[in-house]
Each structure stands twice: as structure tokens, then as C-alpha cells.
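K.L.:
Okay, handing you the structure first.
Number of protein chains: 2
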Amino acid sequence: MKMLGIDLGGTKVAMGIVDENGNILKRQTIDTKTEEGFNAVVERIAKTANEITKSEKVEMIGIGSPGSIDHKKGIVRFSPNFPGWIDVPLGPEISSKTGMKVVVENDANAFAVGEKWFGVAKGYTNVLGITLGTGVGGGIICDDHVFRGSTGIGGELGHVIVEPNGYLCGCGNHGCLETIASATGISRLAKEWKERYPDTSIKEFSAKAVLDAAKKGDPLGIKVFERVTEALGIAIGAFVHIFNPQIIVIGGGVSRSGKFLLDGVEKKTHENVMKSFWGTYKIVLSNLVDDAGIYGAASMCFEELRNDKANTR
Amino acid sequence: MKMLGIDLGGTKVAMGIVDENGNILKRQTIDTKTEEGFNAVVERIAKTANEITKSEKVEMIGIGSPGSIDHKKGIVRFSPNFPGWIDVPLGPEISSKTGMKVVVENDANAFAVGEKWFGVAKGYTNVLGITLGTGVGGGIICDDHVFRGSTGIGGELGHVIVEPNGYLCGCGNHGCLETIASATGISRLAKEWKERYPDTSIKEFSAKAVLDAAKKGDPLGIKVFERVTEALGIAIGAFVHIFNPQIIVIGGGVSRSGKFLLDGVEKKTHENVMKSFWGTYKIVLSNLVDDAGIYGAASMCFEELRNDKANTR
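First to last, the protein sequences are chains A and B. The first sequence begins at 5 in my numbering and counts up one residue at a time. The second sequence begins at 5 in my numbering and counts up one residue at a time.
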């Protein structure tokens, strides 16, 4: 069985045909061109989806989108990356233009499900996925089901407050995890502190450059690294106490900093978790890397099919 | 149909026969006498349970106990209120001594379920229960089911960190919600700040006295009240972002401070919740008051029976 996974991003749309063993059989990437508006974007996605599925028959289309998604109706309620997309019927439109069933899911939820089907969380029933990218996203799998909350917008793990009265967040709160542990947050911290560390080797203040410098012992890098891992430790500690998960998977661009970041997060999380939870969870890095978005989107189709089967049994 | 609800506390054991309409038909309270050890406590509970159920036939016994509970096996893993109770088979023992099926549940989980069956959360499927007592407990109902996590010890809402590097908590962390918003925490804050407020009218530093004074405009009371509601606002804000609940029920002794406390918590929570969640939740005070423990324990039986029926359908 094959599914088409579509990773809808603010600048690029990546799609791939994924089989149940996790092979990507065919792939295509196009520009999103959000400035052309919803209809043009939908038209372009559907056209590419039709082309790519001509020679490889797929059962269903899965779309992972940033923002607040009405999963049941396939509607994007709003998304910071797509100005003007308010309650747009993404799923129904793509479905009518391709003739296929379409599932739409928040990209962080899709990430967690992708890791369960094809990644490091395979075989686990209680999974937390945390994506550290431009923002911080969260996906929750409880007892083998995606947890979305009563109106479908739960799981906003990036907007847990870890520094009360901290930085203003895009969401209007102060001190959310996202203000510190996102790529944007890491970059900002380094820029703000740079005058205090004239000897720093950091030239270009991307999150990757800052964390790489920390790894090599750069004092500014280490200063930022400590604050970022502390914030993650407080938040993940809370998630452990709340969800009692088996596995926490960290993905997104910032996760490319690898074992150095993971070690720091593990240490700080441990410091923030009470003894009765020690040994109940593990923290790992996503191994799906650049294709996590395609895998996540495709996995939503496999998940949907499985749930359909369970319900009609 | 009638159930026996047993509210197991550190000093008292309250039990009551509850019917499905929420009437308490018969009740009895005995001393726990933990110092006599597990076997003696179990013996005394079973004896009273047998006496009270002689004239009123009940289907099942529910026990709400503080601490970490293995719900499936009916085992108390450990409980701060019962020193020495490590992995004790509370459920099986009471069952063998009464000849009845027994369900054991963490008291905060039982509280949330009790509110769903008999209290202010009736008819809701996504409920958060928060108990503000000696400690701070949490019970989570997701999509009409109690959420316990992968090893059954999730839902520790009182141990979310709201003041990083704050007070040392009994759990070993610093700055947990429990350090501020429990009766113990409120009392401590008032005592620590009293020298700064020589004009305070507070004489006796119980949580109730402190919050009552705040209500009357006492400056020390208000100072404490602000910090407590701020902590609750940060934590409940996080829970809203994570769980997207329909209703949050606040219970426990501190909740007796009533509407004044509720108004403060509502205000501070609103300040910590992003716009897309506005209007998706409400915060209410428990209306089961002193019998919340009995109702909670009994409701676990009704819940168990309902799930059994659903599974055998």
C-alpha cells in the first residue's frame, strides 16, 4: 500500500510517495509561493500530486501543515506561515482536484505519528514529539492515538511557559518555550549576549552556528546552550510528569545539533523530573531528518486507515 | 445500582454508599491510624466496609488514595501520607476481605472522575481536575477516559514548574506549582512575608485565613494571593495549551476560598492563554465539597462498569 505525503511549508512543498515499509518511491518539491494566495497554492499542489501519482497508484493523500488545523474537516483554521489563510478548506479542495481521500494534520502531530510509524518511536504507544524549528511544535500520542484535545487544537507544547515574565512570544504570552528553544530564540539569545563575550568565535548567529560553537567550548555558545537546555529541561520535565510518555522524540532543524544537544537536554530534563519517573522515559533525536515532513504526512494516512479498520470491526 | 466509595486519607477514612444519582445513602468515617501499619489499616477498612454494606447491597468498592497507584493491579506503589507503604496490595486485600470487586485510583484522578459523574463536570468529555490541598494533585479526562500515561503515573499536574529555581518541593524539584498553590505553600508565603507587612490582620497563617484576609484587602493577603494566582495561571495556561480541555475543576481545601479565588485564577489564566484558546475552556470550583473524596472513589466503580460494558459489546 502506498500513500502520498505532502509536507506543506511556508517556502517549499515537499511531497513523496511512501510505502508501508517506509520507502520513499518517488518525490517532488515545488515552491509554495504563498503570495499567490490559497487557490493558486492549492492548484499547484494538486497538479503536482496528480503528476506524481500517475505512474504509482496511491490510496490516500496526507498533508502536514503548520498552524491550527481542523483535522476532522481538513480545514486550516489559521497558520502564521500563510497570511490570510483563515478557515480555508485545504483537504476538501485537494480532494476534489485529485479525486483522492485527503487527511490534513498539524505538522507537529504528523511528525510524532511519522516517528511512530517509520522512525525512532516505532512500536511505542505513548510518544511525545517536539519539533525545534522556527517555532516549537508538539505532537502527542497517548495510548496509540493522536491526542488533539476537545476542540482539536491541543498539544501546543511550545507555548508552555518556562521563563515567567520572559520574552514576548508570537502568541502574546511571555516566556514560552518557543521564545528560547526555537532556532529564532537561540539566535536572538546569542546576538543579545555577544557584547559580553568579545572573544566568541561565533560570526553568523544561526542556531546551528551557536550550538556548534558551544560544542567546541565557545563561551557565548555555552552560555546560550545552558539557557536553551534548561528551558527544554523544565518543559520536558513537565511533559514527563503530565504524560508519563515512553519516548520523547526531538526533531526540527535545531535537532541537527545532534548528540551534544541531546546530552544537554537529557541532563537538564533529569534534573527536573521526580524520582518516581526516572527510568520511565527516554529522549531521542528524530532519525527521519529532512524527510520527517513527508513521512509524517504519509503516516497520517496509514494511521487513518488503521483507525477506520478498528472502527468498522 | 450502588457503589461503596472509600476516601483514604492520612488521618481519616471516609466511606459512603453512593447510588447512580449521586445520593449518599449511608456513610461512616474512621481513623486511619497509619502508625499501626498496612495490615491493621486494611483490616479496619474491610471491617467497616462489611458492616456498612450489610443492609445496603453494593456492586463494587472504589478506593481513592493519595500517592502513586497501580490502578490495574490495585497496588499503592508509594504514598507520602503512608510511610512504609511500598507496593502494597490494597485492592486485592480489601477484595479478599470483603468478597467484592475493588478498584483503586489516585485520589486526584478519582476527583476528576467524580466531578464528571456527579459534579460540575457532568456531561463533559475533556476535564482537568486540580486539587489544592496539602499538596496539589491533578486528574485528566481525555475524550471521556481517565488519562494515566504509559506506566500509569502521569497527570502529576502539581509538579509542573512555575517558578524556575523556586522553592524546593517534596518531589526534589524546585518551583513546582505545589510549592506555591498548595495550602502549605500559601501558608509559608504568608509567614515569610509577614515582617514586611506589620499592619497585616492575619494572625493564624492557614491558607484559608490568608486568602480570607486578601479578600478583605489585607496587604499581606493580597501579596500572597497575587503570587498564588499567578502560579496557577501559568500552570493552568500550560494545561489549556496542552490539553485543550472543556472544563477545569478546582477542588481541595484551598478551593473553599470560593469565588474570590476563582476570579483571580480566571484572570491570571486568561493572561497566560493564547488567543486561539480563548473561549474554549471554563474554570469552575468543585461543588461536591467535603464529599468529593467519597464521590470520586464511588465514581471510579461506575466508570469501570461502563468501560467493561463498552469492551464486551
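Quick reminder that beta carbons are idealized off the backbone N, C-alpha and C, glycines included.
1) Classify lysine 271 of chain A: buried if its beta carbon has 16 or more other beta carbons within 10 angstroms, exposed otherwise.
2) Could I get the ranges of all uninterrupted beta strand (DSSP E) runs contained in the segment 221 to 299 of chain A, with 3 residues as the minimum, in chain order?
3) Does threonine 129 of chain A get closer than 8 Å to chain B when you measure Cβ to Cβ?
4) Counting pairs of Cβ atoms below 8 Å between the segment 276 to 285 of chain A and the segment 157 to 168 of chain A, do you hit three or more?
5) Measuring alpha carbon to alpha carbon, tell me which of A/Asp147, A/Val45, A/Glu55 and A/Thr233 ends up nearest leucine 136 of chain A.
6) Entirely within the segment 157 to 200 of chain A and at least 4 residues each: give me those alpha helix (DSSP H) ranges in chain order.
7) List the residues of chain A that asparagine 276 of chain B touches, going by C-beta distances under 7 Å, in chain order.
8) Verify whether the separation of the beta carbon atoms of arginine 231 of chain A and isoleucine 184 of chain A is less than 8 Å.
9) Are the CB atoms of isoleucine 254 of chain A and threonine 273 of chain A within a distance shorter than 8 Å?
10) Any heavy atom of the ligand FAD inside 7 Å of the beta-carbon of methionine 104 of chain A?
11) How is the beta strand (DSSP E) around glycine 66 of chain A delimited, first residue to last?
12) Check whether the Cβ atoms of isoleucine 21 of chain B and leucine 12 of chain B sit closer than 8 Å, and answer yes or no.
13) By the 9 Å beta-carbon criterion, what residues does the segment 283 to 300 of chain A contribute toward chain B?
14) Please classify asparagine 130 of chain B as buried or exposed, where buried requires at least 16 neighbouring CB atoms within 10 angstroms.
15) Note down, in chain order, each residue of its chain lying with its Cβ closer than 8 Å to the Cβ of glycine 95 of chain A, except the 5 sequence neighbours on either side.
16) Could you give the DSSP three-state label for alanine 314 of chain A: helix, strand or coil?
17) Which residues bound the alpha helix (DSSP H) around alanine 217 of chain A?
18) Buried or exposed for valine 293 of chain B, please, with buried defined as at least 16 other CB atoms from any protein chain shown within 10 angstroms of its CB.
19) Please identify the residue among B/Arg192, B/Gly153 and B/Phe151 whose C-alpha is closest to the C-alpha of tyrosine 171 of chain B.
20) What whole-angstrom Cβ distance do glycine 71 of chain A and asparagine 85 of chain A have, given they're in contact under 8 Å?
21) Would you mind reading off the limits of the alpha helix (DSSP H) that contains aspartate 111 of chain A?
22) Does the beta carbon of proline 249 of chain A sit closer than 8 Å to a beta carbon anywhere in chain B?
23) For isoleucine 157 of chain B, which residues in chain A fall below 8 Å Cβ to Cβ?
24) Restricting to Cα atoms, I'd like to know which of A/Glu24, A/Asn43, A/Ile90 and A/Ala18 is closest to isoleucine 34 of chain A.
25) Quick one: Cα of lysine 212 of chain A to Cα of valine 258 of chain A, how far?
26) Indicate whether glycine 262 of chain B and leucine 236 of chain B have their beta-carbon atoms separated by less than 8 Å.
27) Looking only at its own chain, which residues have a Cβ that is under 7 Å from the Cβ of glycine 162 of chain A, when we skip the five neighbours before and after it?
28) Run the CB neighbour count on threonine 38 of chain A, radius 10 Å, all protein chains shown included, and call it buried at 16 or more, exposed below.
29) Among B/Asp148, B/Val228, B/His75 and B/Gly283, which has the Cα closest to the Cα of threonine 204 of chain B?
30) Whole angstroms is fine: what's the gap from glycine 268 of chain A's alpha carbon to glycine 88 of chain B's?
31) Hey, quick one: how far does the alpha helix (DSSP H) through aspartate 48 of chain A stretch, first residue to last?
32) Does any C-beta atom of chain B lie closer than 8 Å to the C-beta of isoleucine 238 of chain A?
33) Could you pull the start and end residues of the alpha helix (DSSP H) that serine 99 of chain A belongs to?
34) Counting along the chain, where does the beta strand (DSSP E) carrying phenylalanine 82 of chain A start and finish?
35) Compare the C-beta of leucine 161 of chain A with all C-beta atoms of chain B and state if any pair is closer than 8 Å.
36) Looking at the secondary structure, which residues open and close the beta strand (DSSP E) in which isoleucine 73 of chain B lies?
P.N.:
Inspection of the coordinates gives the following:
1) exposed
2) 251 to 255 and 286 to 289
3) yes
4) no
5) A/Thr233
6) 181 to 185 and 187 to 197
7) Ile165 and Asn177
8) yes
9) no
10) The model on display carries no ligand, and the ligand FAD is accordingly not part of it.
11) 64 to 69
12) no
13) Thr284 and Tyr285
14) buried
15) Ile67, Lys77, Gly78, Ile79, Val106, Val107 and Val108
16) helix
17) 211 to 219
18) exposed
19) B/Arg192
20) 7 Å
21) 111 to 122
22) yes
23) Asn248, Ser280, Phe281 and Thr284
24) A/Ala18
25) 7 Å
26) no
27) Gly139, Val140, Gly141, Gly142, Cys180, Leu181 and Glu182
28) buried
29) B/Val228
30) 35 Å
31) It should be pointed out that residue 48 of chain A corresponds to arginine in this sequence rather than to aspartate. 42 to 56 is the span of the alpha helix (DSSP H), which, as asked, contains arginine 48 of chain A.
32) yes
33) 94 to 102
34) 79 to 82
35) yes
36) 72 to 74
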